[in-house]
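Have a look at the structure below before the remarks.
Numbering (the numbering used here), first residue to last: 108 to 703.
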């Protein structure tokens, strides 16, 4: 939005002390992901901070000249850190002449860049643990790629060797929220034009006659030249899906935030956000109210409809540290949830997930169902759907250790309490988001120190053979998802409460395997190569310290003398940081570190 240019100019004047306040009326997209990047640096500046003193995130506006109804936002900024007045529209009543009368729910809170109060979601960090396993689906740039099953048979599906690799099932957002169309798609990614023509001539001719004429008019060179390939084939993401039996998908823009498993044979459309995780444990956590609240708070809006932005909704989301028993419970409920919905849709072809979740929303606030909704309730067994979701929420809360938020005697399920939309629901929502923000910051700090809880370590950090160890009075459980950056399949030892020990060392030289042959071998002259990866650097430093028979007063000098190659300033800085970290974790004494 062009107005954001002026918002930035005014904020610069405010931060410099040249003005006292400013305010703007903008479109309501000011708080969406791209535009709020203008606000975030000023709100996060510690030297010359700016705060939002007043905000209305979404307000009706009627242009009397042409009666165009749009949605706007209002923001007022002031210097320093302080609370602001946040007014959200509660009711809107339109008069005969087009004017709109509104009432507000007003809070005095810290207002974040997304124009929400309470937890500052904009301060969250993307987590390496969640990296490289989510992506939108393919973008065709040519409707001719889509074919019917009958056409697929004509092009050799079921009779021509290898054609099943290029003709696949296809799903878009409406296929998930409504009913699958049953269409297929011709996916020639990885084939040259000549290979495509020679091996699959019928499919080639179809794409040649239906896609190429459209692509020939495209201004982008790559689209014109590679006309037989999708416009956005997601080549970088395909390895993440390779060899998986299934993956998780959600519709990018949808009234209801639900996730589903798709079979590996199905190619997802650009309007699906896809997560390369086959485990129902992850599916269950994502399907819980905890994650849904995070996605609603951190995602964008397209009008009144929530948008799931994978960089903010998924890549920042901190999963719980669950015991194997807790994972098994979540996994079981998640499998039941996915199977229940698919079974009822298969039995009742007119049944849609949107319809089922519309009815579920009514059940949560005890609204009566009309005749159509009662049929959906009966066909979809929506009360069972609700029970599965409620049980899943309890299991996920237990995994986080947030038992105070659980339902109990006289306390409705978590999702029911949030659905009411009253002050108590807002407080509960903020409690959830604040806890998740704190956990995000905790995980980000862990990752800075080299410990990463990869969701899928065998893909995200392949070839890892090391271990992490922490100690807490001999009580230990192992969690294969705790992995150190650069390649350590970690085993976290926890105390009796299940929480990692705050005083334990992550880099115990006696128990941590060296991560690669390179760190075990010496260069000519008895010197060791300096590894590229942080965990390997830690392991080498600990081994050299432990094996030394000399005085450790000059440990940095001692270690540098044992390293092959040039002693650069970068390497000295890395060594300094490792020695300081080892000292803080109890893995090295102060006298040992002095030499650094």
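Each residue gets a CB set at the ideal place from its N, CA and C atoms; glycine is no exception.
Computed from a predicted model, the values in this text were never measured in an experiment.
(request) Check whether the Cβ of residue 376 lies closer than 8 Å to any heavy atom of the ligand ZN, and answer yes or no. (result) The ligand ZN is absent from the structure shown, which contains no ligand whatsoever.
(request) Under the assumption that residue 356 contacts residue 437 (Cβ atoms under 8 Å), give the Cβ distance between them as a whole number of angstroms. (result) Here residue 356 is taken as the residue at index 249 of the chain shown, counted from 1. Here residue 437 is taken as the residue at index 330 of the chain shown, counted from 1. About 19 Å separates the two Cβ atoms, so there is no contact after all.
(request) Kindly give me the distance between the Cβ atoms of residue 493 and residue 470, rounded to whole angstroms, as I take these residues to be in contact under 8 Å. (result) For the purposes of this step, residue 493 is identified with residue 386 of the chain shown, where counting begins at 1. For the purposes of this step, residue 470 is identified with residue 363 of the chain shown, where counting begins at 1. That belief holds up - the Cβ atoms of residue 493 and residue 470 are roughly 6 Å apart, short of 8 Å.
(request) With DSSP as the reference, label residue 237 as helix, strand or coil. (result) Against the chain shown, residue 237 aligns to sequence position 130. Residue 237: helix per DSSP, three-state reduction.
(request) Could you name the residues of the same chain whose beta carbon sits closer than 6 Å to that of residue 146, not counting the 5 residues immediately before and after it, in chain order? (result) Walking along the chain shown from the start, residue 146 turns up at place 39. Excluding sequence neighbours, residue 146 sits near 220.
(request) Would you tell me roughly how many angstroms separate the C-alpha atoms of residue 384 and residue 353, rounded to the nearest one? (result) As a working mapping, residue 384 is identified with position 277 in the chain shown. As a working mapping, residue 353 is identified with position 246 in the chain shown. Annotation: residue 384 to residue 353 spans about 8 Å, alpha carbon to alpha carbon.
(request) Using three-state DSSP, classify residue 519 as helix, strand or coil. (result) Taking the first residue of the chain shown as position 1, residue 519 is located at position 412. Three-state DSSP puts residue 519 in coil, outside helix and strand.
(request) Compute the beta-carbon to beta-carbon distance between residue 212 and residue 195, rounded to the nearest angstrom, for a pair I have assumed lies under 8 Å. (result) Translated into positions along the chain shown, residue 212 becomes position 105. Translated into positions along the chain shown, residue 195 becomes position 88. Taking a contact as a CB-CB distance under 8 Å, the pair residue 212 and residue 195 counts as one, their CB atoms being some 5 Å apart.
(message) When you compare the CB positions of residue 713 and residue 424, do they come within less than 9 Å of one another, or not?
(response) Any answer about residue 713 is impossible in this case: the structure gives the chain only from 108 up to 703.
(request) Compare the beta carbon distance of residue 498 and residue 521 with 9 Å and say whether it is the shorter of the two. (result) Taking the chain shown and counting its residues from 1, one reaches residue 498 at position 391. Taking the chain shown and counting its residues from 1, one reaches residue 521 at position 414. Not closer than 9 Å, so no.
(request) Tell me, please, whether the stretch 277 to 287 touches the stretch 410 to 419 by the rule of three or more beta-carbon pairs shorter than 8 Å. (result) As far as the Cβ criterion goes, the stretch 277 to 287 does not touch the stretch 410 to 419, which means the pair count is below three.
(request) Note down the Cα distance separating residue 275 from residue 295, rounded to an integer number of angstroms. (result) Indexing the chain shown from 1 puts residue 275 at position 168. Indexing the chain shown from 1 puts residue 295 at position 188. Cα to Cα, the separation comes out at about 10 Å.
(message) When you compare the stretch 118 to 130 with the stretch 145 to 164, are there three or more beta-carbon pairs, one atom per stretch, that lie closer than 8 Å?
(response) Three or more Cβ pairs closer than 8 Å define a contact, and the stretch 118 to 130 meets that threshold against the stretch 145 to 164.
(request) List the residues that DSSP assigns as beta-bridge partners of residue 339. (result) To locate residue 339, count along the chain shown from 1; it is residue 232. Answer is 246, bridged to residue 339.
(message) Just to confirm, is the Cβ distance from residue 135 to residue 180 under 9 Å?
(response) Taking the chain shown and counting its residues from 1, one reaches residue 135 at position 28. Taking the chain shown and counting its residues from 1, one reaches residue 180 at position 73. Taking 9 Å as the Cβ cut-off, residue 135 and residue 180 qualify as a contacting pair.
(request) Measure how close the beta-carbons of residue 495 and residue 504 come, nearest whole angstrom, since I'm counting them as under 8 Å. (result) As a working note, residue 495 is residue 388 in the chain shown. As a working note, residue 504 is residue 397 in the chain shown. The beta carbons of residue 495 and residue 504 sit about 15 Å from each other, so the pair does not count as a contact at 8 Å.
(request) Could you tell me which uninterrupted beta strand (DSSP E) segments, each at least 3 residues in length, are contained entirely in the stretch 388 to 439, listed from first to last along the chain? (result) Restricted to the stretch 388 to 439, the beta strand (DSSP E) segments that are unbroken, complete and at least 3 residues in length are 407 to 409, 412 to 414, listed in chain order.
(message) Here's the rule I'm using: 16 or more other beta-carbon atoms within 10 Å means buried, otherwise exposed. How should residue 241 be labelled?
(response) By one-based count along the chain shown, residue 241 stands at place 134. Classification for residue 241: buried.
(request) Report the rounded CA-to-CA distance for residue 215 versus residue 162, giving the unit in angstroms. (result) For this step, residue 215 is matched to residue 108 along the chain shown. For this step, residue 162 is matched to residue 55 along the chain shown. If you take the alpha carbons of residue 215 and residue 162, they lie about 10 Å apart.
(message) According to DSSP, simplified to helix, strand and coil, what is residue 152?
(response) For the purposes of this step, residue 152 is taken as the residue at position 45 of the chain shown. Here residue 152 carries a coil assignment [DSSP, helix/strand/coil].
(request) Label residue 112 either buried or exposed according to how many other C-beta atoms from any shown protein chain fall within 10 Å of its C-beta, with 16 as the threshold for buried. (result) Taking the first residue of the chain shown as 1, we reach residue 112 at position 5. Exposed, by the Cβ-count rule.
(request) Taking only runs that begin and end inside the stretch 324 to 377, name each unbroken beta strand (DSSP E) of 3 or more residues, in chain order. (result) Complete beta strand (DSSP E) runs here, min 3: 353 to 358, 366 to 370, 373 to 375.
(request) Check whether the Cβ atoms of residue 683 and residue 668 lie closer than 9 Å to each other. (result) Along the chain shown, one-based indexing puts residue 683 at 576. Along the chain shown, one-based indexing puts residue 668 at 561. No, these two residues do not count as a Cβ contact at 9 Å.
(request) State the Cα-Cα distance for the pair residue 150 and residue 190, rounded to the nearest angstrom. (result) On the chain shown, residue 150 is found 43 positions in, with the first residue counted as 1. On the chain shown, residue 190 is found 83 positions in, with the first residue counted as 1. Annotation: residue 150 to residue 190 spans about 12 Å, alpha carbon to alpha carbon.
(request) Counting only the same chain and skipping the five closest in sequence on each side, list residues whose C-beta sits under 8 Å from that of residue 199. (result) Looking up residue 199 in the chain shown gives position 92. The answer, listed in chain order, is 167, 207, 208, 209.
(request) Return the residue from the list 446, 375, 164 that minimises the CA-CA distance to residue 97. (result) Past the boundaries of the shown model lies residue 97; the chain is included only from 108 to 703, so the question cannot be answered.
(request) Counting only the same chain and skipping the five closest in sequence on each side, list residues whose C-beta sits under 7 Å from that of residue 527. (result) Residue mapping note: residue 527 aligns to position 420 of the chain shown, counting from 1. Spatial neighbours of residue 527 in its own chain (CB-CB distance under 7 Å, excluding positions within 5 residues in sequence) are listed in chain order as 472.
(request) Could you tell me whether the Cβ atoms of residue 253 and residue 247 are closer together than 9 Å? (result) Here residue 253 is taken as the residue at index 146 of the chain shown, counted from 1. Here residue 247 is taken as the residue at index 140 of the chain shown, counted from 1. Residue 253 places its beta carbon less than 9 Å from that of residue 247.
(message) By the DSSP assignment, the alpha helix (DSSP H) with residue 112 in it spans what residues?
(response) If you number the chain shown from 1, residue 112 lands on position 5. For residue 112, the enclosing alpha helix (DSSP H) begins and ends at 110 to 122.
(message) Can you give me the C-alpha to C-alpha distance between residue 429 and residue 250, rounded to a whole angstrom?
(response) Position 322 of the chain shown holds residue 429. Position 143 of the chain shown holds residue 250. Pairing residue 429 with residue 250, the inter-Cα distance amounts to about 44 Å.
(request) Tell me where the alpha helix (DSSP H) around residue 513 begins and ends. (result) If you number the chain shown from 1, residue 513 lands on position 406. No alpha helix (DSSP H) holds residue 513; DSSP gives it neither H nor E.
(request) Given a cut-off of 9 Å, decide if residue 307 and residue 337 are closer than it, judged by their beta-carbon atoms. (result) By one-based count along the chain shown, residue 337 stands at place 230. By one-based count along the chain shown, residue 307 stands at place 200. Judged by their CB atoms, residue 337 and residue 307 are not nearer to each other than the 9 Å cut-off.
(message) Could you compute how far the alpha carbon of residue 519 sits from the alpha carbon of residue 466?
(response) Residue mapping note: residue 519 aligns to position 412 of the chain shown, counting from 1. Residue mapping note: residue 466 aligns to position 359 of the chain shown, counting from 1. Approximately 18 Å, taken between the alpha carbons.
(message) Assuming residue 539 is part of the beta strand (DSSP E), what are its boundary residues?
(response) Position 432 of the chain shown, counting from 1, holds the residue named residue 539. Run containing residue 539: none in the beta strand (DSSP E); it sits in the alpha helix (DSSP H), 530 to 555.
(request) Helix, strand or coil for residue 126, going by three-state DSSP, please let me know. (result) Within the chain shown, numbered from 1, the residue matching residue 126 stands at position 19. Note: residue 126 maps to coil in three-state DSSP.
(message) Let's test the definition: count the other Cβ atoms within 10 Å of the Cβ of residue 127 and tell me whether it reaches 16, buried, or not, exposed.
(response) Your numbering for residue 127 matches position 20 in the chain shown. Flag for residue 127 reads exposed.
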